[in-house]
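*Asks:* Going by the working numbering, the first residue of the sequence shown is number 796, and it counts up by one from there.
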Amino acid sequence: MKKFYITTPIYYANDKPHLGHSYTTIAADVLARYCRLKNKDVFFLTGTDEHGSKIEEAAKQNNVTCQKWVNNKVEDFKLLWKRLNISNNDFIRTTEERHIKKVKDVFKKLLEKGDIFKGKYTGWYCVACESYYTDTQLVGGKCPDCARDVERLEEESYFFKLSKFQNALLEHYGKNPDFMLPSWRASEMVNFVKSGLKDLSVSRKNVKWGITVPGDETHTVYVWFDALINYISAAEGKDIWPCDIHFVGKEIFKFHTVIWPAMLLALDIPLPKTVFAHGWWTVNGEKMSKSKGNFVDPHKFIDKYGCDAYRYFVLRQIPFGQDGDFSEKSFQDRYNSDLANNLGNLISRTFSMVEKYSLQNVAPKASSEFLIGKSVNNFDEKFTKSMEKIELTASLELIWEIIDEANRTIDSEKPWVLFKSDKERLKAVFENLLSAVEIISKALAPFMPETAEKIKKIIATQKVSAPLFPRIAQE
Ligand code: MSP
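Printed below as a string of structure tokens:
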């Protein structure tokens, strides 16, 4: 049976991973874990993009070979994914033989079909962005994306006949409303394609660190053309294609919704079902950048607050899909209010009272109109719908509705009073609370796997040994 195939972008191995990389990977991991819990056979891929001038530059500056440089960086990515509990099934590197072979095969096939041809390219090239720009795209004569200087380049190049696929792409978008999600991001791509597609230069003479064009050693394959193919090189020999969902950041949505599907159309390979673009993080209101040195290092936050707190924060802080801001203050606020006070407190209060009032034999039971019945009502249905729409933040909000309501129930029902006055009602309150805790731990599992395990253990042993999220003193 075909597996459910989920991917992250493959990240440039030119530098260490930061908040942005971890964000996409965590989101993809949450969906992968959720689908596995729904008994789907999941194949979850991540990896690294290791060719091109960015890598060449980084290696040169550090006086090491490109291969050594990327080998080293790859370990940084792998270590972070391990610490973030990322459950990928495979890790693809574009310097691997399986990938190089696939890229060469694709290039050759498209050359033979005439969808790749040799021509001449003139344009403004930005080394940092590995992109060419036309005169009208430049902003004040500089790169429109990073504002750096650009160089005028004219060179012989191989071109991919992107223009040929304009109508086929528009037709595909029209027929497949889930191809681009969130749907409000689609119109920009549709308009871009409608405005007319130009053939794409897919080889470089000036870049040595890359896969050579089959039959022409003087060119290497353009790094984006090379990178996109990773999704099918990793699928080779496995029953996973077409991909179910590519997670990407909004800045690379176009590569994944215009160039990539056109390449697949040329190859007669079915298109991925969905490309989902999330928004961008700023840090303390500013764009993350090398020059500002304000990259958020996930390790620092994992060390200080734990892996699950980090996973929770990034998905809870901004509605998944939108842009938002990261600051340690907002991290601490959420940690203390949502994790220490709401979730942590609920678990420790509930089980310390189970012990205190000898309620060990009470079995979880949700009553629909009683106590916490409201948020629990139809929870599965609401949660499933929201997860299927990849509304990750909204899904967390649904879980927290139960947590809040359970805490409110404790406050209003006052078990310490019921213990003396109404044992029947005390039992009913705890049937509901235990049922809430069960639902919470199940639903949390894809988002906070370690915490969900801890809660399961607490349910089984009916004992809380230490607070799940000790309150932190705010600076
Ligand atoms: N190598 C290409 C992708 C090729 S996929 C076939 C690339 N790599 S990257 O290292 O620059 O990573 C880009 C991804 O990192 C974005 O798509 C996004 O997932 C993530 N982010 C990088 N900075 C980000 C923010 N400031 N905010 C959120 N995510 C961003 O592009």
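Here a beta-carbon is modelled for each residue, glycine too, at the ideal position from N, C-alpha and C.
If I measure Cβ to Cβ from Ser1143 and keep anything under 8 Å in the same chain, skipping five residues before and after, which residues do I get?
*Replies:* Correct list, in chain order: Val1259, Pro1262 and Leu1263.
*Asks:* For the beta strand (DSSP E) containing Ala1201, name the first residue and the last one.
*Replies:* Taken as a continuous stretch (DSSP letters only), Ala1201 belongs to no beta strand (DSSP E), being part of the alpha helix (DSSP H) at Leu1187 to Glu1208.
*Asks:* Might you give, ordered along the chain, the residues of its own chain that have their beta carbon closer than 7 Å to the beta carbon of Ile1267, omitting 5 neighbours on each side?
*Replies:* Excluding residues within five positions, the ones whose Cβ falls inside 7 Å are Gln1127, Tyr1130 and Asn1131.
*Asks:* At a threshold of 8 Å, does Trp1075 count as lining the ligand MSP (C-beta to nearest heavy atom)?
*Replies:* Yes.
*Asks:* Compare the beta carbon distance of Phe955 and Leu875 with 9 Å and say whether it is the shorter of the two.
*Replies:* In this structure, Leu875 does not lie closer than 9 Å to Phe955 by Cβ.
*Asks:* CB of His894 to nearest heavy atom of the ligand MSP: below 8 Å?
*Replies:* No, the beta carbon of His894 sits no closer than 8 Å to any heavy atom of the ligand MSP.
*Asks:* Just confirm the distance between the C-beta atoms of Asp1021 and Gly1005, as a whole number of angstroms; I'd bet it's less than 8 Å.
*Replies:* Yes, they are in contact, since the Cβ atoms of Asp1021 and Gly1005 sit about 7 Å apart, within 8 Å.
*Asks:* Is the region 1059 to 1071 touching the region 967 to 987, taking contact as three or more C-beta pairs under 8 Å?
*Replies:* Yes, they touch.
*Asks:* Give me the residue from Leu1110, Ala1061 and Glu1150 with the minimum Cα distance to Leu814.
*Replies:* Answer by Cα proximity: Leu1110.
*Asks:* Taking 8 Å as the threshold, find out whether the region 1229 to 1241 comes into contact with the region 1185 to 1200 through three or more Cβ pairs.
*Replies:* Result yes; three or more Cβ-Cβ pairs closer than 8 Å.
*Asks:* DSSP on Leu826, reduced to helix/strand/coil?
*Replies:* Helix.
*Asks:* Do Asn883 and Leu840 come within 9 Å of each other at the CB atom, strictly closer than that value?
*Replies:* Their beta carbons are under 9 Å apart, which means Leu840 touches Asn883 by this criterion.
*Asks:* Helix, strand or coil for Glu852, going by three-state DSSP, please let me know.
*Replies:* In the structure shown, Glu852 sits in a helix (DSSP, three-state: H, G or I).
*Asks:* Under the assumption that Arg828 contacts Ala1240 (Cβ atoms under 8 Å), give the Cβ distance between them as a whole number of angstroms.
*Replies:* Contact holds; Cβ gap of about 7 Å.
*Asks:* If we count the other Cβ atoms within 10 Å of its Cβ and call it buried at 16 or more, is Asn1025 buried or exposed?
*Replies:* That one is buried.
*Asks:* According to DSSP, simplified to helix, strand and coil, what is Gln1269?
*Replies:* DSSP places Gln1269 in coil when its eight states are reduced to three.
*Asks:* Just the Cα atoms here: how many angstroms apart are Asp1175 and Thr929?
*Replies:* Their Cα atoms are separated by approximately 51 Å.
*Asks:* Contact check, Phe902 vs Val985 under 8 Å by CB: the rounded distance?
*Replies:* The pair is not a contact, with the Cβ atoms about 29 Å apart (cut-off 8 Å).
*Asks:* Rounded to whole angstroms, what's the CA-CA distance from Leu1134 to Leu1141? Just pull it up for me.
*Replies:* C-alpha separation (whole angstroms): 10 Å.
*Asks:* Under a Cβ-count criterion, where at least 16 other Cβ atoms within 10 Å of its own Cβ denotes burial, should Met1203 be classed as buried or exposed?
*Replies:* The question names Met, yet the displayed sequence has Arg at residue 1203. Exposed, since its Cβ has fewer than 16 Cβ neighbours within 10 Å.
*Asks:* At 3 residues or longer, what runs of the beta strand (DSSP E) sit wholly inside the region 968 to 1011?
*Replies:* Taking only runs of at least 3 residues, no beta strand (DSSP E) segment lies wholly in the region 968 to 1011.
*Asks:* Buried or exposed: which applies to Glu1031, given that a residue is buried once 16 or more other Cβ atoms fall within 10 Å of its Cβ?
*Replies:* By the neighbour-count rule (16 or more Cβ atoms within 10 Å), Glu1031 is not buried but exposed.
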